[in-house]
Structure formats: C-alpha cells, structure tokens
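Enquirer: If you read the sequences in order, they're chains A and B. Going by the working numbering, 79 is the number at position 79 of the first sequence; the sequence numbering is gapless. So the working numbering is basically just the index in the second sequence, starting at one, shifted up by 1000.
Number of protein chains: 2
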Amino acid sequence: MSASTTNKSGPLSGLRVLDLTRVLAGPYTTMILGDLGAEVIKVEQPNTGDEARGFGPFQNDFSLYFFSVNRGKKSLTLNLKAPAGKQIFHRLVSCSDILVENFRAGTMKRLGLDYEQLKETYPSLIYAACSGFGQTGPYATRGAYDMIIQAMGGILSITGEADQPPVRVGTSIGDITAALFTTIGILSAVHHRQNTGQGQLVDVGMLDCQVAILENALVRYFSTGQIPQPLGRRHPAITPFEVFSSQDSYVVIAIGNDQLWAKFCQHVERTDLIDDQRFCTNVLRTENHDQLQPIMSHILSRKPTAEWVESLTGIGVPCGPMNTIDKVASDPQVQAREMIVNLESEIAGNASVPGLPIKLSETPGQVDVPAPALGEHTKEILTTLLGISEAEIGQLQQSSVI
Amino acid sequence: MSASTTNKSGPLSGLRVLDLTRVLAGPYTTMILGDLGAEVIKVEQPNTGDEARGFGPFQNDFSLYFFSVNRGKKSLTLNLKAPAGKQIFHRLVSCSDILVENFRAGTMKRLGLDYEQLKETYPSLIYAACSGFGQTGPYATRGAYDMIIQAMGGILSITGEADQPPVRVGTSIGDITAALFTTIGILSAVHHRQNTGQGQLVDVGMLDCQVAILENALVRYFSTGQIPQPLGRRHPAITPFEVFSSQDSYVVIAIGNDQLWAKFCQHVERTDLIDDQRFCTNVLRTENHDQLQPIMSHILSRKPTAEWVESLTGIGVPCGPMNTIDKVASDPQVQAREMIVNLESEIAGNASVPGLPIKLSETPGQVDVPAPALGEHTKEILTTLLGISEAEIGQLQQSSVI
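#1: Looking at C-alpha atoms only, which residue of S1399/B, E1392/B, E1376/B and S1096/B is the closest neighbour of K1073/B?
#2: Interface residues of chain B around Y221/A at Cβ under 8 Å?
#3: Does the contact criterion of 3 or more C-beta pairs under 8 Å hold for the region 374-393 of chain A versus the region 151-162 of chain A?
#4: Where does S1424/B sit, in a helix, a strand or coil, going by DSSP?
#5: Determine the direct distance from the alpha carbon of N1323/B to that of R278/A, and round the result to whole angstroms.
#6: On the DSSP letters alone, give me the boundaries of the beta strand (DSSP E) that T77/A sits inside.
#7: Answer with buried or exposed for K424/A, where buried requires no fewer than 16 other C-beta atoms within 10 angstroms of its C-beta.
#8: In terms of residue numbering, what span does the alpha helix (DSSP H) encompassing D1208/B cover?
#9: So with CB distances below 7 Å, who are the chain B contacts of H235/A?
#10: Using a Cβ-Cβ cut-off of less than 9 Å, give me the residues of the region 1294-1326 of chain B that come near chain A, in sequence order.
#11: I'd like the ranges of any beta strand (DSSP E) spanning at least 3 consecutive residues and lying wholly in the region 278-330 of chain A.
#12: So, does the CB of N79/A fall closer than 9 Å to a CB anywhere in chain B?
#13: Under the rule that 16 or more other beta-carbon atoms within 10 Å means buried, what is I176/A, buried or exposed?
#14: Could you name the residues of chain B that L156/A contacts, counting a contact when the two beta carbons are closer than 9 Å?
#15: Taking C-beta to C-beta, are I1126/B and V1202/B nearer than 9 Å?
#16: I believe D248/A touches P321/A by the beta-carbon criterion, under 8 Å. Please report the beta-carbon distance rounded to the nearest angstrom.
#17: Which residues in the same chain as G134/A place their Cβ atom closer than 8 Å to its Cβ, once the five residues preceding and following it in sequence are excluded?
#18: Identify which residue in G1256/B, E1344/B and S1389/B has its Cα closest to the Cα of P1372/B.
#19: Between the region 1189-1209 of chain B and chain A, which residues of the former have CB atoms less than 7 Å from a CB of the latter, in chain order?
#20: Sort L36/A, A129/A, A212/A and F67/A by Cα distance to V1219/B and report the nearest one.
#21: In terms of residues, what are the limits of the alpha helix (DSSP H) holding E1215/B?
#22: S1245/B by DSSP, collapsed to three states: which one?
#23: By DSSP's criteria, E1044/B is part of a beta bridge. Which residues make up the other side?
#24: If you measure between the beta carbons of D1019/B and P1027/B, is that distance less than 9 Å?
#25: Check for me: the alpha helix (DSSP H) holding D258/A runs from which residue to which?
#26: Are the C-beta of P1011/B and some C-beta of chain A separated by less than 9 Å?
#27: Tell me, please, whether the region 289-298 of chain A touches the region 1177-1186 of chain B by the rule of three or more beta-carbon pairs shorter than 8 Å.
#28: Could you name the residues that DSSP lists as bridge partners for Q164/A?
#29: Tell me whether K1142/B is buried or exposed, calling it buried when 16 or more other Cβ atoms sit within 10 Å of its Cβ.
#30: Compare the C-beta of A1003/B against all C-beta atoms of chain A and say whether one is closer than 9 Å.
#31: A262/A CB to nearest chain B CB: under 9 Å?
#32: Output yes or no for whether 9 Å exceeds the beta carbon distance between G78/A and E39/A.
#33: Out of L24/A, E51/A, A25/A and S9/A, point me to the one whose CA is closest to L374/A's CA.
#34: From the DSSP output, in three-state form, read off K109/A for me.
#35: Do you know how far the Cα of V1252/B is from the Cα of V1309/B?
#36: Leaving out five residues on either side along the sequence, give the residues of the same chain with a beta carbon under 7 Å from the beta carbon of S2/A.
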C-alpha cells in the first residue's frame, strides 16, 4: 500500500478504506473503521455527494445528520460514470485495502465496478457490500430502507403495546445493526487476508441482520408455534422486568431471580408477596403478570424515580430511570465514558456527536476530526496518493470528472 | 498457540477464545466469533453453568434460549474460586488468543483474574470485558440488564405511540448491540496484535453502545434543544415513511424523495397530491404529517398488503409487508439467504437457530454444530490441550474443581 496521507492512531491504523457509501448503514460502517484508525476516503458524486448532505437538521447550511456519521473521513468527488473517473477509481482501489459500498445490488455491476469485475485485478481487495436484502436471493435487487427492513424483519411486530398496532423502533436499528455486522465481516476478512493475502466479498443484507437479532422471539416461535406479540414495556419471559410509572416519571426494574425478588419485597415492606403462591417463582410471576402488574405499579407510584433508583441500587436490585435524550446526553456515566464528543468544524461550527463505545487500553480509537465538506480532500488525495499534477486536476475539474 | 482441537473453517480459523460469558451480550459475541471460525471454549461453573441454561423455552429439558446463542462452542466446567481451578485457567489463558467475559466490573478482579493481573504474564492476550456500564465511571460496578440499558440509554424514550408511555424494543437490543461492538473491538485488537504482538483490554459498556446508536435523535436534540419523542409508526424526518393499515394487515411505505412521491401519487391516481402546497416537498410532507396521514391511510386501506407490495415494488416505490415472526421464518429471501438453520442435537433434538448474516465469498462462516451440554468437552480439552492425565482429571472431579 502507498503511505497513508494521514497519521491516524488506533488499532486499524495503516488500513485504507475506499468508501462509496451513502446515507446511513454504509457510512456508519466506515465511521467505525475510521474511529478505530483506518484512513477513510469517501468517494462522492460531484456536485451532489452523499444524499445525507441534504438531510436536516442543518447548522451553517451543513447537515448535522451527515456530520454525525461521517466524522474523520476525507471527501473526494469522482464521477464513476465517466471513463476518466473509472480510471482514477481503479488507481484508488489499487492502493486501498477495503472497499465499502451500500448501493442496491446491481448498481456497481452496471458501473463495471462490482466485486466480480475487480477481483481479477485486485485479488487482495476486501469488498464489502451492505444492501437491503444482500447480493443473492429473490429480493436482491429491490430497494430498501430501515423502516421497510424493520417491518419485514419482524422486530416491528413485537414492538408496541399488547393488542395494539406495532410501533417503529425509535432509531434506525435496521441500518445500524447491518453496519455493525458489515464491520465485523470486514475485520474478519482483514484477518484472513493477513494470513493468506487473499481478499474477498463481504455480503451483508439488512434483512438477514434483523433475523439474526430476533433472539428469543424466534426460539419461542419455533418451540411453541405461537407467534410472539408486542408486550408493551415488559420482558416476555422474566418478571418483574418492566418499566413502571413512578411518582414523577418512570422507573425500570429488572428482577431476574427469586433472591432479588425477596430483597425487593422486603425493601418495599411487602414480604407477603415473597411466598405468595402466584408470585414465588419467575415462571409464576410471568404467568401471573396480569395480577402482579397493578401491585407493582401501586408500589412504585409512591416515590419519585430518583429515590427508587438510589434505594434499590443500594440494596443491589437492578433498576434505573427512563432517560429522555437530554438526560442521556448529560448523564454522569455517559460523560465519564466520553460518549458525547464536541467537534469543532470550520464549516459547520461546533457540533456534538456520539463517541466510540469501544474503549481500547493500548490503541484507543479517536473521534476528533469533523466531517468533510464535499470534495474537501479531492486535490490532496489526487496529488499525494496518486501523483496527479495540478494541471491534470484542472482538466478533470473542467470535464466534471471530479 | 497450541494446535486447535477442532478443524473449523472461516476467516477466524486458528484463533482460540476463552469464553467466560453468560446470558446474552457475552455469549452473542463469542457466538459470532465461533460462527466465523474461531474455536470457542466456554468456561462454566460446575453444576450450574451459564444461568441461561435455566431460561425457557425447553426441549428435552435443554434450554433453547441457551441453544440459540451457544451453538458451535465447547463447554468446560471449572471452579474459578478453587486454587486448582485458577491454575488450570491460567494454563488455558496461556494457549488462548482472546478472553471474553461479561461479568459486572469488579468480579474478575476479586477472582484475581482481571486484565491488570493477567497482562503481565500474558502480554499478547486480548481481554474483552462487556458490562452494563463499562469498567470506568461512577456506575461501573452497578448491575444492568437489557431493559435497564434500553431505558437509561434513551431508545425507550423515543419508541412508542406519540403522547403515550414508551414501549420496550421487542428484542434485547441493549445486549445485542453491545455484543456487536465488543466483537468489532476484539477483531480490531486482533489486527493490532498481528502487527505488533501486543494484546490489550477491550472495554465495552452497554450504555455507551446505546448512546452510539441514537443516531439522528441525538443530533436533533443538540441542534434544536427539543427533546425527541416517540412517533408511533413513522420516521421523524422523512414522510411518508410509515407503517399503514392495508385492507388485510399492514404495509410499510418508504418514500424518500419527491420523484418517488410523484410516482406513488400517479400510481394511486391522486396526481392532485403531487403539487399540493402542503405536500410537494419532503420538508412540507413532514411538517404537514397530520394532514397527510389520514389521506395515505385512506388510500392504503383499499387493497390487501400483497397487492400493494407487488404493484408498488413493480414501479420502484420502496415498500414491504409487516411480517410477524412466523412469516419472517418462512420468507423466501430469508430462506434463500440461509438465515434459518436447523441443527440436530443428540441432547436437545432438532432445533432451528438464526444463521450468520455475514456472507463471505472465500471463507464462509459456519453454523453447524449444536450448543454443548454442560461440561461436554471438559475431558477433551484438559487432555488434548493441556495434557492432563485421566487420573488427574478424576481427582479434579472429586474435588469439584471441574
């Protein structure tokens, strides 16, 4: 590989990622790789770029949505439909370790740039494709968005109030889990390549990822034949494991075994409940949830959340507040773990983004460079990495290749 | 490293994982490593083992919950409190690449087996700790469960009907996202070790991971100061991007731009809506969601879901059904991608588990070995890997060390 044009630290330092991704699942993948030290060169369409640059909210006309998942990357504009653009793209591939794209299956093939066409020339290339349905199967070429994947993948059908219409998971969990699996696939392929020199295709479908995270819903269905339903604020198999109203807001209680149940009952001066034949084991508490729920609600409504959290935490009963987003951002633990990072950007101004939740003792990752303006690094990359002259860069600009 | 006692294929083939995990976040991490070819030795407490062995549903008295996240692993029982148990543990560490645990912070320290105490002797060891709040910060030693993390991490506060109490995300997203980040952390540390020989601590807190996946909720809050709220079945910033009732069930529509909006309006013979001043851009459609929602609902209630999906997919408007868990399992795409895998177990009988959603062209992972009985591989590992004699194994059993 050519020398990196950056000096990033982190465990993936020295790896170069050619990033053709847009919107969320793909950019989230390359963001993590970048946070962990890889050099990420985001290849964007001239003039328009990643369509997420048009998603609000905006600050100084810069999309904060784009900002939050593209920090630490470099932006190079390149028209992949133009022959000269393709030629530059090939030169970039030849000095990169990993290519990531999240187009609909078929798009890269039409450009002549899919894995099948690249692998002959670049046998050590790791090519990651993250799409709605994966590269194979009857739906492969269909477009998909997070919401469709949440619906088709089953998570929506088990989220919501009992006997009510389902609700969307409040974040784009379809995109994000796919991003995490794609990142894992890439890093496992990097390991194989380091042992053998061989690259490969990493094919991740968002729908597949939703199936993979269904967890006990899938097992319960296969075992009992009963179709899992939404259950509101509680766990399907552990009781009381639920969000309750407190005097002033909500409090969540997670009592996973009988010892904790006894501790809780003593604490709230309801020792009668410990040996109550309806509630003395987890199986019974779950079976008789309908009867236990109002009793628990009554108990927990008597004090404000902060008091419950303090006193129950003190006796070792797992519990917590329900934090709204403002409270998450200011939470002392979240702050202590540096999970909210302020980035100063000449273009966008100051903006806070989530930190990296992987804390490494020897090679910590870094979240310290703001997201790039469209094409901010085009000249730098073409000059430093590919040795293209200023004059030629001018010509490429005139012919709208970059 | 000693020779592997298995011949697993996959990109992580040759890596050995010492797995001290229980319940979900930790086992899910080592499951993925195992699916990708690593040898996973699950170290369990004699007699009881992973507490998930006691979670239903059961088949032939074997927990299918445990089965689904522990396929492909080996089980060795070991009492880590006994000096002889600690000694065996050290010998296992010395021939392993990665140690994974998901105890509450402090537990491994009390056993004398935390990273600080192991790293001097095993400087190349990768030690991954996945806990509720991470190894540092004011909440570090608190216990946590998925439900508490969902509540404290903010996702719960934005999931549910508008102006109604929040609901739980239907799967254990707090555990699972932490597992995925932990896996990424481990693989990035493996990469660094391969370059330098240096191991390290991978510290992942479930709460941190929830902050990392908040996505545009966090950005919207920082930008506007308004606290994001649950929005039922729709996306906060794109419209119509929502689940609607159809004639027979539900259908989800994801119209991300004005071209698709025009296509949709033509298809349903409501071209008047294209230039309607309330709905002609995405920003306006989102602002006027209250007025658009009943119009869309009325349109979509006229046909059954299957008809909508066929006709809208035909014209390129992203849409899909809302699948319940039974329909997910039988979906042709899910089947074609081998995302439901049947495993035959002598102990548990036949059981289906989710497949691996990372499809690799050259070194595919594998999901083909059922979950182990408690201590099923104790003798094999002690004999083959550590060269302990049959007689000594008998003594270890008698003294309840294994």
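For glycine and all other residues, C-beta sits at the position ideal for the given N, C-alpha and C. None of these values were measured; they are calculated from a predicted model.
Expert: For this structure:
#1: Your numbering for residue 1073/B matches position 73 in the second sequence. When each option's Cα is compared against that of K1073/B, the closest is E1376/B.
#2: In the first sequence, residue 221/A corresponds to position 221, counting from 1. The contacting residues are I1325, D1326 and A1329.
#3: no
#4: Nothing can be reported for residue 1424/B, as the shown portion of chain B is limited to 1001 through 1402.
#5: As a first step, residue 278/A must be located in the first sequence, where it is residue number 278. As a first step, residue 1323/B must be located in the second sequence, where it is residue number 323. About 35 Å.
#6: Locating residue 77/A in the first sequence gives position 77, where the first residue counts as 1. First-last of the beta strand (DSSP E) with T77/A: K74 to T77.
#7: Outside the displayed span of chain A (1 to 402) sits residue 424/A, for which this structure offers no information.
#8: Start at 1 with the first residue of the second sequence, and residue 1208/B comes out as number 208. From DSSP, the alpha helix (DSSP H) with D1208/B extends over M1206 to A1212.
#9: On the first sequence, residue 235/A is found 235 positions in, with the first residue counted as 1. Under the 7 Å cutoff, chain B gives M1147.
#10: T1313, G1316, V1317, P1318, C1319, G1320, P1321, M1322, N1323, T1324, I1325 and D1326
#11: 319-321
#12: If you number the first sequence from 1, residue 79/A lands on position 79. So no, N79/A is outside the interface.
#13: Counting from 1 along the first sequence, the entry for residue 176/A is found at position 176. It is buried - the Cβ of I176/A has at least 16 other Cβ atoms within 10 Å.
#14: Sequence index remark: in the first sequence, residue 156/A carries index 156 (1-based). Per Cβ cutoff of 9 Å: G1170, R1233, V1243, Y1250, V1252, M1322 and N1323.
#15: Against the second sequence, residue 1126/B aligns to sequence position 126. Against the second sequence, residue 1202/B aligns to sequence position 202. Yes, the Cβ-Cβ distance between I1126/B and V1202/B is below 9 Å.
#16: Within the first sequence, residue 248/A is the residue found at index 248, counting from 1. Within the first sequence, residue 321/A is the residue found at index 321, counting from 1. Incorrect: roughly 10 Å between the Cβ atoms, too far for contact.
#17: Here residue 134/A corresponds to residue number 134 of the first sequence, with the count starting at 1. Cβ within range, chain order: A105, A140, D203, V204, G205, L207 and D208.
#18: Residue numbering aside, residue 1372/B sits at position 372 when the second sequence is read from its first letter. Residue E1344/B is the option with its Cα nearest to P1372/B.
#19: A1189, V1190, H1191, H1192, Q1194, Q1198, Q1200, L1201, V1202, D1203, V1204, G1205, L1207, D1208 and C1209
#20: If you number the second sequence from 1, residue 1219/B lands on position 219. When only C-alpha atoms are compared, the closest one is F67/A.
#21: Taking the first residue of the second sequence as position 1, residue 1215/B is located at position 215. First-last for E1215/B: undefined, no H or E at that position.
#22: Locating residue 1245/B in the second sequence gives position 245, counting from the first residue. Note: S1245/B maps to strand in three-state DSSP.
#23: Mapped onto the second sequence, residue 1044/B falls at position 44. E1044/B pairs with T1077/B.
#24: For the purposes of this step, residue 1019/B is taken as residue 19 along the second sequence, with counting starting at 1. For the purposes of this step, residue 1027/B is taken as residue 27 along the second sequence, with counting starting at 1. Going by C-beta atoms, D1019/B is nearer than 9 Å to P1027/B.
#25: The residue given as residue 258/A occupies position 258 in the first sequence. Note, D258/A: alpha helix (DSSP H), D258 to H267.
#26: Reading the second sequence from its first residue, position 11 is the one you call residue 1011/B. Taking Cβ atoms only, chain A reaches closer than 9 Å to P1011/B, which makes this a yes.
#27: no
#28: As a position in the first sequence, residue 164/A is number 164, starting the count at 1. Q164/A is not bridged to any residue.
#29: The residue labelled residue 1142/B in the question sits at position 142 within the second sequence. Here residue 1142/B turns out to be Arg, not Lys, going by the sequence shown. R1142/B comes out buried.
#30: Here residue 1003/B refers to the residue found at position 3 of the second sequence. The predicted position of A1003/B is uncertain, since its pLDDT is 44 and thus under 50; a value taken from the coordinates is nonetheless stated next. No, A1003/B lies away from the interface with chain A (no Cβ there is under 9 Å from its Cβ).
#31: Along the first sequence, one-based indexing puts residue 262/A at 262. Cβ-Cβ to chain B under 9 Å: no for A262/A.
#32: Locating residue 78/A in the first sequence gives position 78, where the first residue counts as 1. Locating residue 39/A in the first sequence gives position 39, where the first residue counts as 1. The sequence given here places Leu at residue 78/A; Gly does not occur at that position. No, they are not a contact pair.
#33: By one-based count along the first sequence, residue 374/A stands at place 374. Measuring from the Cα of L374/A, the nearest candidate turns out to be E51/A.
#34: Counting from 1 along the first sequence, the entry for residue 109/A is found at position 109. Of the three classes helix, strand and coil, the one that applies to K109/A here is helix, per DSSP.
#35: As a first step, residue 1309/B is located in the second sequence; it is residue number 309 there, counting from the start. As a first step, residue 1252/B is located in the second sequence; it is residue number 252 there, counting from the start. Near 9 Å, if we compare the C-alpha coordinates of V1252/B and V1309/B.
#36: Locating residue 2/A in the first sequence gives position 2, where the first residue counts as 1. Residue confidence is low: S2/A scores 42 on pLDDT, short of 50, so the model does not pin down where it sits. Its coordinate-derived value is still stated next. Answer for S2/A: C95 and L385, listed in chain order.
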